[in-house]
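I have placed the structure first, in the form of structure tokens, so that the comments after it can refer back to it.
Protein chains in written order, with the numbering used here: chain Y, 3 to 389; chain L, 3 to 389.
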């Protein structure tokens, strides 16, 4: 198996862009290609993550469409879908194809266009990540799933509503200085706990906003990557696992096994433990999710995650900065673009070029999660040696 | 790179099944697992092809859902989408993951549920394979695309309407004895050319029917496959390429480059040429498509395909039997299931167990095509040595 690096990165801002997935894909991929010294002819394959363009835009077969549109005709171009983890999976497949020697240079991208959809079609499309025959029939939504999870977590570990709200406060603060973020204003703990009820105990400001967006990276075998850029980012480990597909399938709602097993696999490949990670972008689709994720990824003991956030330990200047980009809660969640959007932010950190730079960051982790904990990808990245 | 074999196969019939993708996936995968001596614990990953369950059923994240439902929780489970080639791609990804040593045993499956949809939503969902910003805006449908292609072909090569109709006559005849086929009655050349006009010069019986269906295979590294079955089918070659994404992007509408390049790649890997193939399942979404495909795959000279069919050279007892299963035209086209459905039929041929058995078949080819020639997979399979 070969080692693999990220040579180029490109993204759109996340927000209300009035653009479809084709346009978002063309922009993100073109920017990633231009960001390094790669020629179109060098690219061997393209993987594209997308979740709901079929339902919302009537646009499928997006991978060949984007490939053909940016001058990459004649290579395999494949869409991967795994709900909110769609582009974490696209990245993973691209990575494996180089690691195993099938390809040398591969583009991985993620796209989603959501903000033009009406509320009803939007809700139905997002809900398609749940098992329609079980959770769908009960009417349980994703805010509902994470509301259940938070209820259980607070009951089990005595976390307070205010501690949980600290996640949104931190991430919204981080979003202020990130020009790629949809929300760039702060909120207080009071704002969060007094905001409109969505799925008790979750309130409006506990929930991430939808967004349009595209993000892309150019991956290359180490050796080749160094010819394409002065600052290659090494992929040190990658994990991808499927967990339980619905709430009723869990023994313990406060642990999402897809994340714990994907993390184990990524750490083991990288030869590191959670204590070695310097900066994290994780899947905070809800404030409650960030707390659970931070424990599932091994950063805090079970039941300690809420306290850690409230004490500022995960702030940009804390012992383990989590979501310095603003995360899904502030940057926004263009579902199919989120996974590679997180990797984009980590690359910027490891190249010491981030608006909320974490000092001395050498190892970063990106965590993408889809469905009711149904699927997760974890990627461990290492900075260029000469930074 | 290791060699890879198919150890197990499973399928539903293709037709009006009143079942959703979850149920179809569970059936197909369970049957494939039961067809060989594999244990659930041996399976390292699952790839699932699907096209329109998001739009028609509101069901995405199907790969983890099916994996978790059949007792395969905790492994990577990934959905691939490439319009009508969705499960050809799932097969390809599964194959590559074993060939490269990432996994030892992988399930590849394809599912689609279509017949419960209303005409308007059905048409919109199928049309999502086209570039909405160009072809979609013009109102060109897939029957329209293939109508244009046939018009050009007849103009260019002097093929007659009756020669083209012979494709439907042959495939409907083959479908009569295939219990997995949706249509099991014959049609005549007159029936075809006098049937209702759909997209001139294409008539109703030139068009494949929608269907519900699921198909699955268990792939394993050669060496392991022999422990799971007495009759492993070897994957000799696999190609996957992206072509032009819309009609206006073609220099020559009678050649779909996605097919020609995927075929070159599969033949070259297998170390064979088209003349070595004994039996073929190719993507006859329309009668016209079979003729073009048979030339793009190198079986006939440009312009000779229509004549060859009319002369019976592609019948079950002809020199190169094409679509002895009945093809998409008779068996039906549950879009995301079609690619692995074709591979299922070829395995049955190479195991000398097919209802329309091609005598002495040792090498078979399956060809899956998506969009306006946007993406193609070609798989070359070899029979068990002891048959």
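C-beta: ideal position from N, C-alpha, C; glycine also. Just so you know, these numbers come straight off a predicted model, no measurement behind them.
Taking 8 Å as the threshold, the shortest C-beta distance from residue 137(L) to chain Y does not fall below it. Within the model, the alpha-carbon separation for residue 20(Y) versus residue 72(Y) is close to 20 Å.
Between residue 112(L) and residue 341(L) the beta-carbon gap is near 6 Å, inside 8 Å, which marks them as a contact. When secondary structure is reduced to three states using DSSP, residue 135(Y) falls in the helix class. Within the stretch 275-319 of chain Y, the complete alpha helix (DSSP H) segments at least 4 residues long are 289-298 and 307-312, listed from N- to C-terminus. Shortest Cα-Cα distance from residue 163(Y) to any of 344(Y), 359(Y), 290(Y) and 335(Y) involves 290(Y).
Pairing residue 284(L) with residue 243(Y), the inter-Cα distance amounts to about 34 Å. Between residue 207(L) and residue 115(Y), the alpha-carbon positions lie close to 38 Å from each other. Positions of the beta strand (DSSP E) runs, each at least 3 residues long and wholly inside the stretch 49-114 of chain L, are given as 79-83 and 107-114 in order along the chain. Cα atoms of residue 147(Y) and residue 256(Y): separation of roughly 11 Å, rounded to the nearest angstrom. Excluding sequence positions up to five before and after residue 123(Y), its CB lies within less than 8 Å of the CB of 57 and 58, all in the same chain and listed in chain order. Residue 54(Y) has a beta carbon lying within less than 8 Å of a beta carbon in chain L. In this structure residue 170(L) is not in contact with residue 264(L), their Cβ atoms being roughly 25 Å apart against a cut-off of 8 Å. Using a Cβ-Cβ cut-off of 8 Å, residue 5(L) does not count as an interface residue toward chain Y, since no Cβ of chain Y sits closer than that to its own. Residue 359(L) carries a coil assignment under DSSP once its states are collapsed to helix, strand and coil. Here residue 187(L) is exposed, its C-beta having fewer than 16 other C-beta atoms within 10 Å. Cβ-Cβ distances below 7 Å link residue 154(Y) to 255 and 256 in the same chain, with the five nearest sequence neighbours on each side left out; the list follows chain order.
Around residue 87(Y), the same chain offers 341, 370, 371, 372, 377, 378 and 379 as residues with beta carbons nearer than 7 Å, after the five sequence neighbours per side are excluded.
Straight across, the Cα-Cα distance linking residue 384(Y) with residue 220(Y) is about 16 Å.
If you look at residue 235(L), you'll find it in the beta strand (DSSP E) that goes 235-244. Taking a Cβ-Cβ cut-off of 7 Å, the neighbours of residue 59(Y) in chain L comprise 134, given in sequence order. Within the same chain, Cβ atoms closer than 6 Å to the Cβ of residue 159(Y) are found at 305, the five residues on either side in sequence being excluded.
At least one beta carbon of chain L lies nearer than 8 Å to the beta carbon of residue 98(Y). Not a single CB atom of chain Y sits nearer than 8 Å to the CB of residue 233(L).
Contact annotation for residue 81(L) against chain Y: 81, 82, 83, 84, 88 and 91 [CB-CB distance below 9 Å, chain order]. DSSP lists 17(Y) as the bridge partner or partners of residue 214(Y). Of 223(Y), 278(Y), 363(Y) and 240(Y), the smallest CA-CA separation from residue 109(Y) is found for 223(Y).
Here the alpha carbons of residue 356(Y) and residue 38(Y) stand approximately 18 Å from one another. A distance of 8 Å or more separates the beta carbons of residue 63(Y) and residue 27(L). Nearest in C-alpha terms to residue 192(Y), of all of 166(Y), 267(Y) and 246(Y), is 166(Y). Residue 180(Y): not part of any beta strand (DSSP E); DSSP gives it neither H nor E.
Remark: C-beta atoms of residue 176(Y) and residue 358(Y) approach each other more closely than 8 Å.
One finds 66, 69, 70, 75, 76, 77, 78 and 79 in chain Y with Cβ atoms closer than 7 Å to the Cβ of residue 244(L), taken in chain order. Between the alpha carbons of residue 197(Y) and residue 125(Y) lies a distance of about 20 Å.
Look at residue 270(L): its C-beta is not under 8 Å from any C-beta on chain Y. Residue 187(Y) has a beta carbon lying at 8 Å or more from every beta carbon in chain L.
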